[in-house]
Structures are given as structure tokens and as C-alpha cells.
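Numbering (UniProt numbering), first residue to last: 1 to 441.
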């Protein structure tokens with residue numbers, strides 16, 4: 001937080017305290033001994049406050065340095081451990097890395113919790129100050145959050161470099177032996193144990209992203225990709241946009257050249273305008289936004305934002321009754337006009353979308369729409385129809401995962417309605433799919 005803001009805040013406190021202790025000032029030009037005495041009394045009193053202000057400034061600086069040290073410790077707690085010239089037998093490497101990862105995870109959690117505790121203690125000094133100080137504190141928390149994110153990225157980068165040095169050497173010397181491989185003769189053919197495929201899996205399993213049909217690769221981050229059209233999407237041609245705060249989940253929406261998304265770890269929906277770069281925030285009170293109490297179990301999302309011809313809606317899970325709620329949002333002021341309780345339990349919902357001012361909720365298996373709710377009249381509608389998504393069709397599992405042998409559970413991570421082209425857009429088990437929608441009048 002800039003020291004200027006701190007000084008302004010304390011100047012206000014000093015004036016208020018002086019006014020109450022010394023009384024209102026006398027008329028201009030007064031030269032009485034009483035006023036002169038009050039002046040020296042005020043000067044003495046102000047001098048006694050300067051050490052207090054300096055202590056607060058010093059504590060603020062110390063807190064920032066302490067958080068920076070925690071961030072440095074996070075970046076240096078590497079995710080892999082290569083011990084000298086040790087040569088591993090069979091699964092020793094995997095077991096050793098697992099033990100190391102468990103230890104590192106505990107350290108990272110401790111560093112993070114320490115940083116939060118430091119910030120909470122620091123905020124106690126400023127929590128009752130004015131809006132200007134609160135805005136600077138908000139910006140300060142953004143910087144500290146970025147510091148932690150950068151530390152984790154460095155951790156991954158340095159961990160990969162450490163593993164690369166173990167496998168390839170450091171450019172000056174060759175690599176040291178890492179695995180003990182035994183040559184065997186089986187059925188008159190030479191072989192080895194462990195096999196090369198097993199060695200490759202042991203080395204890369206902890207640090208590579210593997211396709212699993214889940215949303216692990218894309219539900220958290222601070223950079224988004226923009227594709228000009230479908231051809232650019234198919235060819236992988238995109239530009240990147242860095243967001244002011246990291247996003248969480250798969251329930252984002254774009255409306256009138258602005259991105260709406262949940263800020264990670266907070267009950268906040270962010271509006272980020274692409275042209276101006278200006279951001280606004282909207283707090284969603286009494287909502288679940290942590291402890292994996294997701295709005296829909298397969299989406300890893302706490303909020304789902306819907307944009308359609310009638311405006312903006314934010315779906316969320318109420319706390320503590322776990323009903324599906326919908327907030328109507330005014331675009332210009334970015335404020336909630338009202339919060340609508342559908343009374344529909346989250347335990348029965350698979351996913352949902354909004355079209356024509358009506359909320360449609362699917363069953364858990366995404367086979368059909370099981371519930372509809374008129375958001376303007378705030379009452380349920382009689383509506384039940386088949387959804388006919390690809391993941392519910394025969395042969396979908398065989399297409400996306402031929403080797404699953406009937407064990408694959410298809411995941412519907414995202415479901416949204418595009419009112420401009422009258423299509424449903426889905427993210428089904430890692431595939432982006434769109435379906436035309438026909439409304440029966």
C-alpha cells in the first residue's frame with residue numbers, strides 16, 4: 001500500500017482526535033495566550049504520534065518482506081528430488097518421489113497459510129479506514145496474489161529443469177545413471193526390466209498433464225486464448241490475454257466485448273472489458289465458492305454465468321441449504337438486481353443453461369431437461385424433454401477412449417446457450433460441440 005495513503009489516513013485520525021481533545025479552533029487572527037498554549041499542546045501531542053505512525057509503517061514493510069520470503073520458499077521447494085548419484089531399482093524412484101511430494105505439499109500449504117495470517121494481521125490496522133485506503137489495500141492483495149502465483153510457476157519451471165539435468169546432464173557433464181536396468185532372456189529373446197515404457201512413465205508421471213476427460217487442464221489460470229474464428233481454433237492459432245485476477249471453473253461468459261468469470265478463491269464475479277482493460281467486481285453473498293461445493297458436480301465450477309437476449313444471469317449454489325440460485329445482473333452498473341431461489345436441490349442437477357429468460361436444468365446423467373424455471377415470474381414451468389447430447393449417445397465412449405473397456409464416465413464440463421446463433425455450446429469430455437436449438441411456440 002503506498003505510504004501516501006497511509007499518511008492521509010492517519011492525518012484524518014489526528015485531526016479528529018485533536019478536535020475532540022483541544023476543542024474547535026478560535027477565530028482567525030487570535031493571539032491570546034490560551035490559543036498559543038493550545039498550539040504548543042497540539043504540537044507536543046502530534047510529536048508523540050509520529051513514533052506510532054512510524055511503527056505502523058515499519059510493521060507494514062516487515063509484513064511485505066515476510067510474505068516475499070514465503071513466496072521465495074515456495075519457489076524453492078522443488079517437486080522432484082534427485083539425490084546425488086543414487087541409482088534406483090524398479091519402483092524405488094516412484095515411491096521416493098511420492099514421499100517427497102507429500103512433504104513438499106505440506107510445506108507449500110504452510111507457506112500459503114502463513115502468508116494469509118500475515119495479511120490478516122496487517123489488515124487489522126487499516127480495516128476501518130476510508131474507501132481510498134481500502135482500494136489501495138485491494139490492489140495490494142492483488143500484487144501479493146501475483147507474487148504467490150509467480151512463485152508456483154517458478155517452482156514448476158525449476159522442477160522440470162532439475163529433472164532435465166538428471167536425464168540429459170547440465171551441458172558440461174553427462175547425466176549420471178538414474179535407473180538400474182537388468183537385461184533378461186525370455187522365450188529366447190532379450191529384454192529388460194523395468195521396460196523403457198515403465199521408465200518413461202516413472203520420470204514423467206508427476207509433471208506432465210495427461211488426458212483423462214476431466215477439466216484439470218483448463219479450469220484454473222490467469223491467461224486466456226482468443227481465436228479469431230473456427231479455422232483458427234482448429235489450427236491452434238490464437239493470441240493470449242492476461243487477466244487482472246486468475247479465473248476458476250468453466251462457467252465463464254462473453255457479453256458485449258467483456259469477459260465475465262469467477263475470481264479464484266473468492267465469491268466474486270469479475271467483469272473484464274477487452275478493449276479498455278477495465279475490471280469491475282461483483283460480490284455474490286451467501287454462496288459456496290470453496291471446499292469443492294460445486295454448482296454442478298462435473299463442472300468444477302462454483303458459478304455459471306449465462307448471457308442471453310434478456311441480459312446477464314449468474315447461477316450459484318446457496319449456502320447453507322444448497323439450492324440453485326440465480327442472480328439477475330445489470331450490465332452497466334454491474335450490480336445484482338435480485339437473487340432468485342429456484343428451490344431446486346443441487347444433488348439432482350447435472351448442468352444448466354438459460355434461454356429466453358428460462359432456466360433449464362438437466363438430470364445427473366444429462367439425458368434430458370428435468371426442471372425449468374421462469375426467471376421473470378419466479379416460478380417453475382412444466383417442461384421435460386430429451387437433450388440428446390453426444391456423450392449420452394451409443395458409441396461416444398468408443399470414439400473418445402477406445403481402450404476404456406466400458407469404464408469411461410463421460411463428463412459434461414460446460415453447457416451454455418448462444419442466443420445470437422440459437423446454439424447450445426458444450427464441452428463434453430474434452431470436446432467442444434455445438435447443437436442447434438429449435439423452440440416450439
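Just so you know, even glycine gets a beta-carbon here, dropped at the ideal spot from N, CA and C.
Figure out for me which residue from the options has the closest Cα to the Cα of residue i.
i: residue 368; options: 104, 380, 387 and 383; result: 387
i: residue 301; options: 107, 334 and 251; result: 251
i: residue 338; options: 329, 128 and 345; result: 329
i: residue 244; options: 262, 333 and 152; result: 262
i: residue 114; options: 374, 68 and 315; result: 68
i: residue 268; options: 253, 276, 284 and 290; result: 284
i: residue 374; options: 334, 80 and 340; result: 340
i: residue 309; options: 156, 154, 227 and 418; result: 418
i: residue 282; options: 293, 130 and 336; result: 336
i: residue 370; options: 416, 361 and 79; result: 361
i: residue 73; options: 427, 383, 313 and 152; result: 152
i: residue 297; options: 257, 355, 266 and 363; result: 363
i: residue 321; options: 380, 347 and 327; result: 347
i: residue 427; options: 291, 55, 307 and 413; result: 413
i: residue 163; options: 349, 54, 141 and 97; result: 97
Reducing DSSP to helix, strand and coil, say where residue i ends up.
i: residue 469; result: Residue 469 is absent from the model: the chain starts at 1 and stops at 441.
i: residue 435; result: strand
i: residue 290; result: coil
i: residue 207; result: Residue placement at residue 207 is poorly supported in this model, since its pLDDT is 42, which falls under 50; the coordinates still yield a value, given next. Residue state, collapsed to three classes: coil.
i: residue 148; result: helix
i: residue 202; result: Reliability of the predicted coordinates at residue 202 is poor, the pLDDT of 49 falling under 50, and no value is obtained from them.
i: residue 158; result: helix
i: residue 428; result: strand
i: residue 333; result: coil
i: residue 56; result: helix
i: residue 80; result: coil
i: residue 328; result: strand
i: residue 100; result: helix
i: residue 125; result: helix
i: residue 374; result: strand
i: residue 117; result: helix
i: residue 94; result: helix
i: residue 403; result: Reliability fails at residue 403, whose pLDDT of 49 lies under 50, so the model's placement of it is uncertain and the value that follows must be treated cautiously. The answer is helix: DSSP assigns residue 403 an H, G or I state.
i: residue 315; result: strand
i: residue 387; result: coil
If the criterion is Cβ atoms closer than 7 Å, does the pair residue i and residue j meet it?
i: residue 295; j: residue 317; result: yes
i: residue 416; j: residue 353; result: yes
i: residue 111; j: residue 146; result: no
So what does residue i bridge to, in DSSP terms?
i: residue 355; result: 358
i: residue 271; result: 260 and 280
i: residue 225; result: 240
i: residue 301; result: 296
i: residue 308; result: 311
Tell me whether residue i is buried or exposed, calling it buried when 16 or more other Cβ atoms sit within 10 Å of its Cβ.
i: residue 234; result: exposed
i: residue 223; result: exposed
i: residue 144; result: buried
i: residue 278; result: exposed
i: residue 342; result: buried
i: residue 366; result: buried
i: residue 385; result: exposed
i: residue 439; result: exposed
i: residue 273; result: exposed
i: residue 376; result: exposed
i: residue 138; result: exposed
i: residue 429; result: buried
i: residue 271; result: buried
So is residue i in contact with chain D if we call contact Cβ pairs under 7 Å?
i: residue 76; result: Considering every chain present, this structure includes no chain D. It has just one protein chain.
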